[in-house]
Structures are given as C-alpha cells and as structure tokens.
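J.: In the working numbering, the protein residues as written are 4 to 262. C-beta atoms are modelled at their ideal positions from N, C-alpha and C, and glycine is treated no differently. This structure is in structure tokens; I'll ask about it shortly.
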Amino acid sequence: MKKCRGYLKICILSIFTTVFLSACGSFNNDSEDDYYYDPSNPYSPSGSNSSKSAPIANFTYSGDDLAPAKITFKNTTTNATTYSWDFGDNKTSSSESPSHTFEMDGVYTVTLTAGNSYGVSESSKTINIKKPGAVEIKKMVLKKVPLTKPNGGGWDILDGPDIYIKLKTKLGASAIKTWTESDVTSSDIPLTYSLKNPYKITNFSTDYVFELWDEDLAADDFMSGFYFSANQFITSKYNDVFTLKTSDLEVEFHLIWSR
C-alpha cells in the first residue's frame with residue numbers, strides 16, 4: 004500500500020507539471036515577440052544599438068589647421084551601413100573614416116550623412132583652416148636652361164657652363180646664392196639645388212629677381228632670369244611645388260608653408 008500511495012503521488016505531480024508547462028508555454032521558444040525589452044539596456048532588441056534602429060551620425064577630427072591642412076576624420080557613428088562626407092569645399096567621400104586636405108584657408112562646414120535601411124542621420128562640424136604666415140624655399144630645380152648663348156655660341160670654350168643661381172629682392176638685397184654646378188650639359192637637366200638652410204619669406208608682397216649665372220675665371224656671364232612676386236606662390240591653393248618659366252628658362256620651386 005505504501006508503494007502504491009507513493010506511486011500515485013508521483014503520477015499526480017507529473018500530470019500537474021505537464022499541464023502547467025503546456026499552459027505557460029515553453030521556455031525555449033526563440034520567437035522574437037517573446038524577448039523582453041529593457042529600456043535601461045542599450046543592447047536590448049528595441050534599444051538604440053539595435054540593428055533595427057536608424058543610425059546616429061557623429062565624428063571627430065584631428066590634424067594641423069594651417070593650409071594646406073590634412074585633416075583625419077574618425078567616424079564614431081552607430082548602426083550605419085553607408086557613409087557620405089561633404090567637406091564643404093566641393094569635395095566628397097564615401098569612405099568610413101577618410102582623410103582630406105583643405106588646400107586653402109577658410110571656414111568649412113563638414114557634414115557626415117550616415118544611413119541604413121531604417122533611416123539616415125547627419126552630423127555637421129565647422130573647421131577653421133588658417134592662412135600661412137610664411138613660405139620657405141627649400142629646393143630649386145632647373146627644368147630648362149639656355150645651354151648656349153643667344154647667338155648660338157657656347158658659354159665656355161671647351162665645355163658646358165658652370166651654373167649657379169642668385170636670388171635677390173628687386174631692391175638688391177641678396178636672398179640666395181647657390182654653389183656652382185660645373186660643366187653642365189643637357190644630360191644634367193633637370194638640375195637640382197637643395198638648400199641646406201631654406202630661405203623664408205614672410206612678406207608676400209616682396210618682389211624678387213631670379214638670376215642664372217655662368218661662373219668664369221674672369222667675369223661671370225649672366226645667362227637668364229626673371230622677376231616674380233612671392234604672391235605668385237599663392238594661387239588657387241598653397242602648392243608644395245610652384246613653377247615659373249620664360250622662353251629659355253624653367254624653374255621649379257619646392258616650398259614649405261608655415262605659420
């Protein structure tokens with residue numbers, strides 16, 4: 004009798020448990036509707052970081068603010084699958100975290116538009132790019148030189164000219180005088196003069212005279228030259244390389260822009 008009574012209790016408990024579980028539903032149901040949304044948990048299915056939410060656009064940036072300024076952008080957007088950048092200077096990008104060079108000074112509004120299948124979001128920030136206060140000439144490259152005199156004769160009797168450069172202000176103050184490259188022929192062109200101490204210009208309204216000379220034992224021969232203003236280095240952007248030329252002379256100036 005005791006065994007029978009114990010068996011009946013087990014049967015009754017088993018039947019009750021089965022009925023209870025059937026009424027409440029299975030605990031292993033992975034149906035999406037059964038998830039619990041916790042508003043304090045950002046990773047809850049309906050939370051802000053859900054893949055079913057529109058993106059939240061944002062970014063940071065770093066770099067020198069002196070034109071030409073290379074700025075690196077770090078995308079901190081959440082939930083986005085596409086990115087569109089407008090740098091405010093008629094240039095764009097679809098990269099996630101691009102770098103961009105602002106070639107001229109000015110105030111630029113940079114806008115990031117981020118999107119996914121649930122919507123789009125925009126974030127805009129203003130960047131102030133400053134005008135350089137100085138430029139340094141670090142190198143001059145002769146791309147074209149008059150290897151013969153205007154009358155067709157040679158500068159030297161037996162070999163090519165011994166060339167050096169003079170750069171001075173229009174008022175006569177000396178700025179640069181290079182060393183001499185001897186016996187220059189057409190195979191030596193382009194001819195490069197890299198300055199150990201770059202020449203710094205802070206007054207962009209200053210006028211200069213570029214002169215090319217042939218060094219001789221007696222009197223040196225003036226070969227060619229031209230006038231220019233430092234303002235000519237500033238065109239549609241602050242170039243690292245700027246070229247000036249005449250009919251018989253072409254010079255490439257390699258520049259460093261600074262504060």
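1. Quick one: residues in its chain with C-beta nearer than 6 Å to the C-beta of alanine 60, no 5 flanking neighbours on either side, listed in chain order?
2. On the CB-based measure, 16 or more other CB atoms within 10 Å of its CB, does leucine 258 come out buried or exposed?
3. With DSSP collapsed to three states, give me the class of alanine 233.
4. Enumerate in chain order the residues of its own chain whose CB-to-CB distance from proline 201 is below 7 Å, with the five nearest sequence positions on each side excluded.
5. At what residues does the beta strand (DSSP E) containing tryptophan 182 begin and finish?
6. Is lysine 173 near aspartate 210, with beta carbons less than 7 Å apart?
7. Take threonine 63 as the anchor and find which of Ser102, Lys94, Tyr241 has the nearest alpha-carbon.
8. Return the chain-ordered list of same chain residues with a C-beta closer than 8 Å to the C-beta of threonine 85, the five sequence neighbours on each side being excluded.
9. Among Asp251, Val144, Asn78, Pro71, which residue has its Cα nearest to the Cα of aspartate 92?
10. So, at 7 Å on beta carbons, what are the nonlocal neighbours of glycine 228 in its own chain, with the 5 sequence-adjacent residues on each side left out?
11. My understanding is that threonine 249 touches glutamate 255, with C-beta atoms under 8 Å, so please give their C-beta distance in whole angstroms.
12. Can you tell me which residues form a DSSP beta bridge with phenylalanine 105?
13. If you measure between the beta carbons of valine 144 and proline 164, is that distance less than 7 Å?
14. Just how far apart, CA to CA, sit alanine 176 and leucine 170?
15. Put serine 65 into one of helix, strand or coil per three-state DSSP.
16. In whole angstroms, what separates the C-alpha of tyrosine 121 from that of asparagine 82?
17. Would DSSP call threonine 191 helix, strand or coil?
18. Can you give me the C-alpha to C-alpha distance between valine 244 and lysine 73, rounded to a whole angstrom?
19. Tell me whether asparagine 82 sits in a helix, a strand or coil according to DSSP, three-state version.
20. If distances are taken between C-alpha atoms only, which option among Leu220, Asn206, Lys134, Leu150 comes closest to methionine 226?
21. Can you check which of these residues, Phe90, Glu253, Ile168, Val113, is closest to threonine 181 by C-alpha distance?
22. In the DSSP assignment, what are the bridge partners of threonine 172?
23. Mind checking proline 58: buried by the 16 CB within 10 Å criterion, or exposed?
24. Using only alpha-carbon positions, find the residue among Lys134, Lys94, Thr95 that is nearest to leucine 69.
T.: Taking the structure as given:
1. For alanine 60, where only same-chain residues beyond five positions count, the Cβ hits under 6 Å are Thr80, Leu115, Ala117, Ser124, Glu125, Ser126.
2. Burial of leucine 258 is indicated by the presence of at least 16 other C-beta atoms within 10 angstroms of its C-beta.
3. When secondary structure is reduced to three states using DSSP, alanine 233 falls in the helix class.
4. Closer than 7 Å at the Cβ level, and outside the excluded window around proline 201, lie Glu139, Ile140, Lys141, Ile259.
5. Following the DSSP letters along the chain, one finds tryptophan 182 in no beta strand (DSSP E), marked with neither H nor E.
6. Yes, the pair counts as a contact, with Cβ atoms nearer than the cut-off.
7. Measuring from the Cα of threonine 63, the nearest candidate turns out to be Ser102.
8. Taken in chain order, the residues that qualify are Ser97, Ala117, Gly118, Asn119.
9. The shortest Cα separation from aspartate 92 among Asp251, Val144, Asn78, Pro71 belongs to Pro71.
10. Counting only Cβ-Cβ distances below 7 Å, and skipping sequence neighbours, we find Val212, Phe213, Glu214, Leu215.
11. Contact flag wrong, Cβ pair sits at about 14 Å.
12. The secondary-structure analysis by DSSP pairs phenylalanine 105 across a beta bridge with Ala72.
13. With contacts defined as CB atoms closer than 7 Å, valine 144 and proline 164 fail to qualify as a contacting pair.
14. Straight through space, the alpha carbons of leucine 170 and alanine 176 are spaced by roughly 9 Å.
15. Serine 65 sits in a strand when the DSSP states are folded into three classes.
16. Approximately 10 Å, taken between the alpha carbons.
17. Residue 191 is actually aspartate in this sequence, not threonine. Shown here, aspartate 191 sits in a helix according to DSSP, grouped into three states.
18. Within the model, the alpha-carbon separation for valine 244 versus lysine 73 is close to 17 Å.
19. Reduced to three states, the DSSP call for asparagine 82 is coil.
20. Answer by Cα proximity: Leu150.
21. Considering only Phe90, Glu253, Ile168, Val113, the residue with the shortest C-alpha distance to threonine 181 is Ile168.
22. Answer is Tyr211, bridged to threonine 172.
23. The residue in question, proline 58, is buried, as its Cβ has 16 or more Cβ neighbours within 10 Å.
24. When each option's Cα is compared against that of leucine 69, the closest is Lys134.
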